[in-house]
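Residue numbers (the numbering used here), protein chains in the order written: chain P, 615 to 887; chain R, 615 to 887.
There are 2 protein chains.
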Amino acid sequence: MRRSQRIAVITKLLVENPYKIYSLTDFAKMLGAAKSTLSEDLAVIRETFADMGLGKIETITGAAGGARYLPKLSNAALLARVEKICEKLEDPTRILAGGFIYLNDFASDPNLVSEIGEMFAAHFAAVEPEYVVTVETSGIPIALMTAHYLNIPMVVVRRVSQISEGSVLTVNYVSGSSHRIQTMSLARRALPVGSRVLLVDDFMRAGGTLRGLMELMTEFESEVVGMGVLIEMELASPKLVQDYVSFINLHQIDPVNQVVKAAPASWIQNSAD
Amino acid sequence: MRRSQRIAVITKLLVENPYKIYSLTDFAKMLGAAKSTLSEDLAVIRETFADMGLGKIETITGAAGGARYLPKLSNAALLARVEKICEKLEDPTRILAGGFIYLNDFASDPNLVSEIGEMFAAHFAAVEPEYVVTVETSGIPIALMTAHYLNIPMVVVRRVSQISEGSVLTVNYVSGSSHRIQTMSLARRALPVGSRVLLVDDFMRAGGTLRGLMELMTEFESEVVGMGVLIEMELASPKLVQDYVSFINLHQIDPVNQVVKAAPASWIQNSAD
């Protein structure tokens, strides 16, 4: 096998499985090449990805040497992605009766969800979560892709517990916007006690859902190391949570004049300067 | 840029976006190389992937020439994946009170879900679906990854319709195993009339859910071109649907002797011979 052929194989494996460590021994078996040769192959991929802003190839040296692919986004690339989503959001046909906004198509587009998951993973990798936790239903696609890019499991909290979950822990919480009492529950075996968790959701009004998730995590004696939401409704008054990161601010939904206004969160705008 | 560097970039883009066509013009702009050179690069990737059983690179010749990556699995690779899942399924700690079985961890593991989505996509690509349709909650991860590998949108049917969906179509159906009347609904704007849809779910007992989805698709004047379930409960008597494809048969859940028995579907065992 020539270098260009080996690089095609190695690139595919690394990119398809972010954060997964492949040892030089794995590659050597698969490709029938010496480890020194494979180290050179990895250096080519690493430098090319770095030059093109395509993410980071982290190489581990020594006897147990190997490599893994870490998704990275430049500030400019992140801003461009978020601006593209804002443009989609500002489509006035999204406005529904009662000033609600239709968002289901975001979770439908696997390419978009994949880009969002990569954004979340790149942002929260530093806090080293062990689980991505979301609540059914609309946050699941983003949570799954975030988990994919971090190579950790995703846990879905249920609004209605299922018969096929075994023993579950349930908490009640108050929805911040409608002030209704709601329930969420999670199977005991779904999350080990003492885990480091990243809470993820697609949309946040006052933050009642995140508040409920935080309380549930306390019951699991687990630590919330990060909270991320794609879209935050800025108009929704007093927030019930702090220390969350939102990527998009939804400023205005005006059903009379058929106007939706959304903008990248200020931390993204500032960091891209 | 050298050939090996261009191949690292091209492989990453193609593999990250299955079924998406990249034109030689796209690559030429990005990599500053002549189209004839890029055609040679693509040929190297295509032949290497074919030799290693890593999927198909389809090249489109002519002025609008380009390439795309199509996930493929050999029969032996499919059987190996399905056997690995069966082994996980046969873990007796999955057995819950009442003879139910815990399956949530399947949807939690992004690598496993990705492999399952690739299996579904490889199997159903030939019927050319335009949408992957599932019903909340547990089928969503598999449906999303199937949609990712086919580069088409995913549509999630709700059991309880949401205020933020606009006008919805609702059908009632009878659950095949519990004989209870249930409801499912889908926003009108979520699926265009006249679509070709692939129905996907993680688990099937008698098939009541698939039956309900079929009826809902009729209301949307859409054609069901395929139905796939990961795990079929073989014991569940008369099936309410035909023409579905299951990948795994769950033969036995014995809470007394703590035994679960699962096997690859016979069509997979036969084709791998």
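Just so it is clear, CB atoms sit at the ideal spot from N, CA and C, and this is done for glycine as well.
Notebook entry, point to check: Which residue or residues does DSSP assign as beta-bridge partners of Leu812(R)?
Noted result: Val746(R) and Gly840(R)
- request: May I ask you to list the residues that DSSP assigns as paired with Asp637(R)?
  value: The sequence given here has Ser at residue 637(R), not Asp. DSSP output for Ser637(R) lists Gly680(R) as bridge partner(s).
Any chance you could list the beta strand (DSSP E) runs of at least 3 consecutive residues sitting entirely within the stretch 855–884 of chain R, in chain order? 859–868 and 873–878
### Query
What does Ser775(P) reach in chain R if we use C-beta pairs closer than 9 Å?
Within chain R, no residue comes near Ser775(P); the closest Cβ sits about 11 Å away, beyond 9 Å.
Query raised in the report: Considering only C-alpha positions, which residue in the set Arg620(R), Leu812(R) and Glu750(R) is nearest to Phe641(R)?
Result: Arg620(R)
Practice item. Go ahead and label His865(P) buried or exposed: buried means 16 or more other beta carbons lie within 10 angstroms of its beta carbon, across all protein chains shown. Key: exposed
* To do: Please list the residues of the stretch 707–727 of chain P that have a C-beta atom closer than 8 Å to any C-beta atom in chain R, keeping them in chain order.
  => Leu710, Ala711, Gly712, Phe714, Ile715, Tyr716, Leu717, Asn718, Asp719, Ala721, Ser722, Asp723, Pro724, Asn725 and Val727
- Query: Leu656(R): which of Met644(R), Gly680(R) and Tyr633(R) sits nearest, CA to CA?
  - Reply: Gly680(R)
Same chain, Cβ closer than 7 Å to Glu601(R), neighbours up to 5 away in sequence not counted
The structure shown has nothing for residue 601(R), since chain R only spans 615 to 887.
Taking contact to mean at least 3 C-beta pairs separated by less than 8 Å, is the stretch 795–812 of chain R in contact with the stretch 750–762 of chain P?
no
query = How do the stretch 755–774 of chain P and the stretch 629–647 of chain P stand: do at least 3 beta-carbon pairs fall below 8 Å, yes or no?
reply = yes
| said: 8 Å is my cut-off, CB to CB: does Lys626(R) come that close to chain P? | reply: yes
With distances taken Cα to Cα, identify the nearest neighbour of Phe817(R) among Ser688(R), Thr832(R) and Leu844(R). Leu844(R)
Any idea if His737(P) is buried or exposed, counting beta-carbon neighbours within 10 angstroms, 16 or more meaning buried? buried
> Going straight from the alpha carbon of Pro724(R) to that of Leu854(P), what length do you get?
Replying inline: 31 Å
Exposed or buried, Glu846(P), counting other C-beta atoms within 10 Å across all chains shown (16 or more means buried)?
buried
Checklist line | First and last residue of the uninterrupted beta strand (DSSP E) at Met733(R) | finding: Per DSSP, Met733(R) belongs to no beta strand (DSSP E); it is in the alpha helix (DSSP H), Pro724 to Phe738.
For Glu744(P) versus Val811(P), is the C-beta spacing smaller than 8 Å? yes
- Residues of the stretch 616–640 of chain R with a CB closer than 7 Å to any CB of chain P: list them in chain order, please. Arg617, Ser618, Gln619, Ile621, Ala622, Val623, Thr625, Lys626, Val629, Glu630 and Asn631
* 6 Å Cβ shell around Val741(R) - same chain, five flanking residues per side excluded -> Val839 and Gly840
inquiry  = Given a cut-off of 8 Å on the beta-carbon distance, is the pair Ser778(P) and Tyr716(R) in contact?
reply    = yes
Open item on the list: Among the candidates Ser688(P), Glu661(P), Asn718(P) and Asn689(P), whose CA atom is the shortest distance from the CA of Lys702(P)?
Closed with: Asn718(P)
**Message:** Give me the subset of the stretch 668–680 of chain P whose CB atoms are less than 7 Å from a CB atom of chain R, sorted by chain position.
**Reply:** Leu668
Problem - Closest residue to Lys698(P) among Ala877(P), Trp881(P) and Asn884(P) (Cα-Cα distance) - result: Ala877(P)
Starting from Tyr763(R), follow the alpha helix (DSSP H) in both directions and report where the run begins and ends. Ile754 to Leu764
Assigned secondary structure, Glu704(R) (DSSP; H/G/I helix, E/B strand, else coil)
coil
- In the DSSP assignment, find the beta strand (DSSP E) that holds Ala801(R) and state where it starts and stops. Ile795 to Ala801
Classification of Ile780(P) by the beta-carbon crowding that lies within 10 angstroms, buried from 16 upward:
Before going on, a small fix: residue 780(P) reads as Gly here, not Ile. Looking at its Cβ environment, which holds 16 or more other Cβ atoms inside 10 Å, Gly780(P) is buried.
Q | Cβ-heavy atom distance, Gln796(P) to the ligand PLP, below 7 Å | A | Although the ligand PLP was asked about, the structure shown includes no ligands whatsoever.
* Count the other CB atoms within 10 Å of the CB of Glu661(P); is the residue buried (16 or more) or exposed (fewer)? -> exposed
Q. Got a sec? Which residues, its chain only, sit under 7 Å from Gly667(P) by beta carbon, not counting five neighbours each side?
A. Ser688 and Ala691
- prompt: Checking contacts by CB at 8 Å: is Glu750(R) closer than that to chain P?
  reply: yes
Other residues of its chain near Leu638(P): CB distance less than 6 Å, five sequence neighbours each side excluded: Lys649, Leu652, Gly679 and Gly680
Run of the alpha helix (DSSP H) containing Val623(P), from where it starts to where it stops | Arg617 to Glu630
In whole angstroms, what is the alpha-carbon distance linking Lys670(R) and Val629(R)? 10 Å
Presumed contact (8 Å Cβ cut-off) between Ala721(P) and Pro755(P), rounded CB distance
4 Å
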